[in-house]
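Enquirer:
Put into structure tokens, the structure is as follows:
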């Protein structure tokens, strides 16, 4: 059926599903890059640097468009420092911890742990911002972490070295926590700068921080990788970053932020099935049960927040808290 004949709602839903598909593939690309045949596996810093470098032209275009839309208004020093801090937390810090964690645990467990960031954001609000914990939010926390426990038990049962799984899970939980702090602190910046301008600036900060990290810790020769690694990094940049961000923004325009975020709940389930299909990771009832509990918790958060009007960030990582952050650079 030609695109022009689609209703706005059907088009928005299709774009949201495609965005969730793209975001769910990020962990698959990372694991495939780590497994690419070569004498020494690519390290997390180099792989992240390649991904961000391939994405940089899009981020620069996005920032230029947002700057023009804002009439070229300059940032004051306080706002600039706030954007720098949030950019380092939300995309650089969260991404590097996530890539490191994927060296030790399965893609399916990584996705479920990462998907708890909406509940972590709520905890941060309660502990540091004076917000109250509603019963729905408390129930969502219990559901989400019970689900993580099931999936975690599955990986521990199969692991030859329990310490490896514990280390990987701790790194990915640190990634989710880093992004949750970004999420909790981004609302005033989004209200002041607008979602697109703030997201573009945060993405550019994270890109340059990643490239500086690479320059400080890796030799330039580390960029000499086999073609499969370049292909997986480019795939992450195009299909798990740039295109999903654009599709998420378009979906929000057609069906709203809340419904777009709820469709994004498909992401962890997609990752579990892609992991079993492409990476030969085990698929068990423990994982499926854990995914169901985590999704139930996030959906409960979404329904609770769906009653509140909040600014939406069309470039956040892949998970669903409604009205959202949507998804990109985790």
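Residue numbers (the numbering used here): 44 to 373. Just so it is clear, CB atoms sit at the ideal spot from N, CA and C, and this is done for glycine as well.
1. Name the residue from 182, 174, 216 whose alpha carbon lies nearest to the alpha carbon of residue 144.
2. In chain order, what residues of the same chain lie with their CB nearer than 7 Å to the CB of residue 55, ignoring the 5 residues before and after it?
3. Alpha carbon to alpha carbon, how far is residue 73 from residue 149? Give it in angstroms, no decimals.
4. Please state if the CB of residue 183 and the CB of residue 330 are separated by a distance shorter than 7 Å.
5. Using a Cβ-Cβ distance under 7 Å, would residue 268 count as near chain C?
6. If you compare alpha carbons, which of 87, 173, 321, 50 is closest to residue 260?
7. Excluding the five sequence neighbours on either side, which residues of its own chain have a C-beta within less than 7 Å of the C-beta of residue 52, listed in chain order?
8. Roughly how many angstroms separate the alpha carbons of residue 375 and residue 186, rounded to a whole number?
9. Evaluate residue 50 with the Cβ neighbour count: other Cβ atoms within 10 Å of its Cβ, from every protein chain shown; 16 or more gives buried, anything less gives exposed.
10. Whole angstroms are fine: how far does the CA of residue 129 sit from the CA of residue 62?
11. Is the number of C-beta pairs between the region 163-183 and the region 93-113 that are closer than 8 Å three or more?
12. Looking at the structure shown, is residue 149 part of a helix, part of a strand, or coil, going by DSSP?
13. Between which two residues does the alpha helix (DSSP H) containing residue 141 stretch?
14. With DSSP collapsed to three states, give me the class of residue 284.
15. Does the distance from the C-beta atom of residue 138 to that of residue 280 stay below 7 Å?
16. Use the C-beta contact count for residue 226: other C-beta atoms within 10 angstroms, 16 or more gives buried, fewer gives exposed.
17. If you follow the alpha helix (DSSP H) that residue 228 is part of, which residue opens it and which one closes it?
18. For residue 272, which of 93, 327, 256, 66 has the nearest alpha-carbon?
19. Rounded to whole angstroms, what is the Cα-Cα separation between residue 238 and residue 109?
20. Taking 7 Å as the limit between beta carbons, can you name the residues of its chain near residue 268, skipping five residues before and five after?
21. Considering Cα atoms alone, identify which of 162, 190, 122 is closest to residue 177.
22. List in chain order: all unbroken alpha helix (DSSP H) runs of 4+ residues lying wholly within the region 92-141.
23. Give the C-beta separation of residue 211 and residue 334 to the nearest angstrom, bearing in mind that I take them to be a contact with Cβ-Cβ under 8 Å.
24. Residues in the same chain with beta-carbon distance under 7 Å from residue 160, minus the five sequence neighbours each way, listed in chain order, please.
25. Which residue marks the beginning of the alpha helix (DSSP H) containing residue 52, and which one marks its end?
26. Within 10 angstroms of the Cβ of residue 117, are there 16 or more other Cβ atoms? Answer buried if so, exposed if not.
27. Let's test the definition: count the other Cβ atoms within 10 Å of the Cβ of residue 59 and tell me whether it reaches 16, buried, or not, exposed.
28. Tell me the rounded alpha-carbon separation between residue 244 and residue 156.
Expert: On the basis of the supplied data:
1. For this step, residue 144 is matched to residue 101 along the chain shown. Answer by Cα proximity: 216.
2. Position 12 of the chain shown, counting from 1, holds the residue named residue 55. So the list reads 294, 297, 298, once near-sequence residues are dropped.
3. Your numbering for residue 149 matches position 106 in the chain shown. Your numbering for residue 73 matches position 30 in the chain shown. One C-alpha to the other measures close to 11 Å.
4. Walking along the chain shown from the start, residue 330 turns up at place 287. Walking along the chain shown from the start, residue 183 turns up at place 140. No, Cβ-Cβ distance for residue 330 and residue 183 is not below 7 Å.
5. Among the protein chains of the structure shown there is no chain C, as only one such chain exists.
6. Translated into positions along the chain shown, residue 260 becomes position 217. When only C-alpha atoms are compared, the closest one is 87.
7. By 1-based counting over the chain shown, the position of residue 52 is 9. Closer than 7 Å at the Cβ level, and outside the excluded window around residue 52, lie 297, 298.
8. Outside the displayed span of the chain (44 to 373) sits residue 375, for which this structure offers no information.
9. On the chain shown, position 7 is the one that residue 50 refers to. Flag for residue 50 reads exposed.
10. Translated into the one-based positions of the chain shown, residue 62 becomes position 19. Translated into the one-based positions of the chain shown, residue 129 becomes position 86. So the alpha carbons of these two residues sit roughly 24 Å apart.
11. no
12. Taking the first residue of the chain shown as 1, we reach residue 149 at position 106. Coil.
13. Position 98 of the chain shown, counting from 1, holds the residue named residue 141. Per DSSP, residue 141 belongs to the alpha helix (DSSP H) from 137-144.
14. The residue you call residue 284 lines up with position 241 of the chain shown. DSSP places residue 284 in helix when its eight states are reduced to three.
15. Within the chain shown, numbered from 1, the residue matching residue 138 stands at position 95. Within the chain shown, numbered from 1, the residue matching residue 280 stands at position 237. No, the pair does not count as a contact, with Cβ atoms beyond the cut-off.
16. One-based indexing of the chain shown puts residue 226 at position 183. Buried, since its Cβ has 16 or more Cβ neighbours within 10 Å.
17. Residue mapping note: residue 228 aligns to position 185 of the chain shown, counting from 1. Counting along the chain, the alpha helix (DSSP H) containing residue 228 begins and ends at 205-236.
18. Reading the chain shown from its first residue, position 229 is the one you call residue 272. For residue 272, the nearest C-alpha among the options comes from 93.
19. Here residue 238 is taken as the residue at index 195 of the chain shown, counted from 1. Here residue 109 is taken as the residue at index 66 of the chain shown, counted from 1. C-alpha separation (whole angstroms): 9 Å.
20. To locate residue 268, count along the chain shown from 1; it is residue 225. Excluding positions up to five away in sequence, the list reads 85.
21. Stepping through the chain shown from its first residue, residue 177 is reached at position 134. Per the Cα distances, 162.
22. 120-130
23. Sequence index remark: in the chain shown, residue 211 carries index 168 (1-based). Sequence index remark: in the chain shown, residue 334 carries index 291 (1-based). Not a contact, Cβ separation roughly 18 Å.
24. Residue mapping note: residue 160 aligns to position 117 of the chain shown, counting from 1. Counting only Cβ-Cβ distances below 7 Å, and skipping sequence neighbours, we find 219, 222, 223, 226, 362.
25. Reading the chain shown from its first residue, position 9 is the one you call residue 52. Element bounds for residue 52: 51-67.
26. Here residue 117 refers to the residue found at position 74 when the chain shown is read from its first residue. When all chains shown are included, residue 117 counts as exposed.
27. In the chain shown, the residue the question calls residue 59 occupies position 16. So residue 59 ends up on the buried side.
28. Position 201 of the chain shown holds residue 244. Position 113 of the chain shown holds residue 156. Straight-line Cα distance between these residues: approximately 27 Å.
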